[in-house]
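What the sequence shown shows, in this note's numbering, is residues 222 to 373, in sequence order. From the three backbone atoms N, C-alpha and C, an ideal C-beta is built for every residue, glycine too. Note that the coordinates shown come from a computational prediction; the quantities given were computed from them, not determined experimentally. Note sheet for the following structure.
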Amino acid sequence: MNYEKNYDKYDFHHPALKLRYFLWEIFASHYIELIKNRAYNEEEKFTIEEMHSAHYTLHFLMERFLILINPIIPQITTVISNSLKYKITEFPNTKKTNEKLELIDKITNFNKEIWKRKKEKNISLRAPIKDIKIPKELQIYEKDLKNCHNLE
């Protein structure tokens, strides 16, 4: 979706729906759940660099989200941006890519499957679970996935 084109036509509805979906269904439900253990690093299972990379990505995405939503709710985004010392600038230059998009689907499907299994077993989402194999294409995220789902 090209948000600028929608905004140029004074169509705020469609970008708002897409941004809300991404923020709530993908970012909050999956990405934040996946990296919150790394970001907090309370049990020191991650290196300082891994923890800082989580912080950087969260700040980067927050800043980009504020830029994208600014035409819809400028007062709120300005207050938030100022308090976080972000600069609301022009839309970032982007290039269309499907490079890693299939990984997003694979991660969300993996997460949903784990949550479903835990629910079927009537155990807490924080409870450890055994005999879960992380798919080969998600091995790069193994440390985060194991910590997120408490895989043994």
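Asked, Found
"What three-state label does DSSP hand I350 in the structure shown?", "strand"
"Got a sec, what are the start and stop residues for the alpha helix (DSSP H) T298 sits in?", "P295 to L305"
"Do we get a CB-CB distance below 7 Å when we pair S250 with the residues of chain D?", "Among the chains in the structure shown there is no chain D, since it carries only a single protein chain."
"Within 10 angstroms of the Cβ of I325, are there 16 or more other Cβ atoms? Answer buried if so, exposed if not.", "exposed"
"Cα-Cα, which of R241, I353 and E358 is closest to N371?", "I353"
"Is the number of C-beta pairs between the stretch 235–242 and the stretch 279–297 that are closer than 8 Å three or more?", "yes"
"Considering Cα atoms alone, identify which of I361, R338 and T278 is closest to K351.", "R338"
"Using 7 Å as the threshold, is the C-beta distance between N187 and H235 below it?", "Not covered by the structure: residue 187. The range shown for the chain is 222 to 373."
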